[in-house]
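J.: Taking my numbering as reference, the numbering of the sequence shown is continuous, increasing by one, and the terminal residue is 288.
Virtual Cβ for every residue (Gly too), placed ideally from N, Cα, C.
Starting off with a structure, shown below.
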Amino acid sequence: MTIAPKNDEHYSRYFVHINGLFHDNTDITLHASDSKNGRILGSCRFNKFHTTRMHLTLGDQQSYLMFSPQSGCYSWSLMVIRHTEGKVPQRREFLWKRTEASRVSGRLGLELCGPDTSDIYAEYFGAGSGSLKAGKLRVRFDLGDTWKTMVLLTLSALIEKERQRRARQGHTSIAMLGP
Numbered sequence: 110m111t112i113a114p115k116n117d118e119h120y121s122r123y124f125v126h127i128n129g130l131f132h133d134n135t136d137i138t139l140h141a142s143d144s145k146n147g148r149i150l151g152s153c154r155f156n157k158f159h160t161t162r163m164h165l166t167l168g169d170q171q172s173y174l175m176f177s178p179q180s181g182c183y184s185w186s187l188m189v190i191r192h193t194e195g196k197v198p199q200r201r202e203f204l205w206k207r208t209e210a211s212r213v214s215g216r217l218g219l220e221l222c223g224p225d226t227s228d229i230y231a232e233y234f235g236a237g238s239g240s241l242k243a244g245k246l247r248v249r250f251d252l253g254d255t256w257k258t259m260v261l262l263t264l265s266a267l268i269e270k271e272r273q274r275r276a277r278q279g280h281t282s283i284a285m286l287g288p
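As structure tokens, this is what we get:
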């Protein structure tokens, strides 16, 4: 899967390499190029059959993408610099939630928000099952490169998890991200 800006469809900024399609564990690696030969930005590993926890590595930071059955969302955290308190590092939590529209349409739709706010930091609109079109991602880029990389990595993991779930049920593949 490649991730490119909408205005320049011929230039890919990121490449997502998925390994382990036929094994119990899936490894996802995010590269800063248009191929898997580029610089590695981060990785994610999860077991296909025990997907309540996914291990994330981003440079020297590690986190987990955890599923909460009570709320039906995936949460993850990241060390960010809070400029309001003199550039003090602070761990912030974010949640990927299914949108109401995705519950009705059956398409994968996700919103990224904070645990205690109604602010939406990113939105993903998936293509329909079996569609040749790719999903669309809108994301706030003002929170830094590390945060943006984590958004792309966690979203890629959730899309692949959904693709595997549908494949086990006999559905055709879902499109990932596209221009």
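Apply the 10 Å Cβ neighbour rule to phenylalanine 155 and answer buried if 16 or more other Cβ atoms are within range, or exposed otherwise.
T.: With 16 or more other Cβ atoms within 10 Å, it is buried.
J.: Using a Cβ-Cβ distance under 8 Å, would leucine 174 count as near chain B?
T.: No chain B appears in the structure shown, which is made up of a single protein chain.
J.: Give me the Cβ distance between glycine 244 and tyrosine 230, rounded to the nearest whole Å; I'm assuming they're in contact under 8 Å.
T.: Not really, about 17 Å apart at Cβ, beyond 8 Å.
J.: Please state if the CB of glutamine 170 and the CB of leucine 150 are separated by a distance shorter than 8 Å.
T.: No, they are not a contact pair.
J.: Go ahead and label arginine 247 buried or exposed: buried means 16 or more other beta carbons lie within 10 angstroms of its beta carbon, across all protein chains shown.
T.: Arginine 247 comes out exposed.
J.: Out of curiosity, what's the CA-to-CA distance linking phenylalanine 176 and threonine 208?
T.: So the alpha carbons of these two residues sit roughly 16 Å apart.
J.: Please report the distance separating the alpha-carbon of aspartate 133 from that of glutamine 278.
T.: Rounded to the nearest angstrom, the two C-alpha atoms are 17 Å apart.
J.: What would DSSP say about leucine 165, mapped onto helix, strand or coil?
T.: Of the three classes helix, strand and coil, the one that applies to leucine 165 here is strand, per DSSP.
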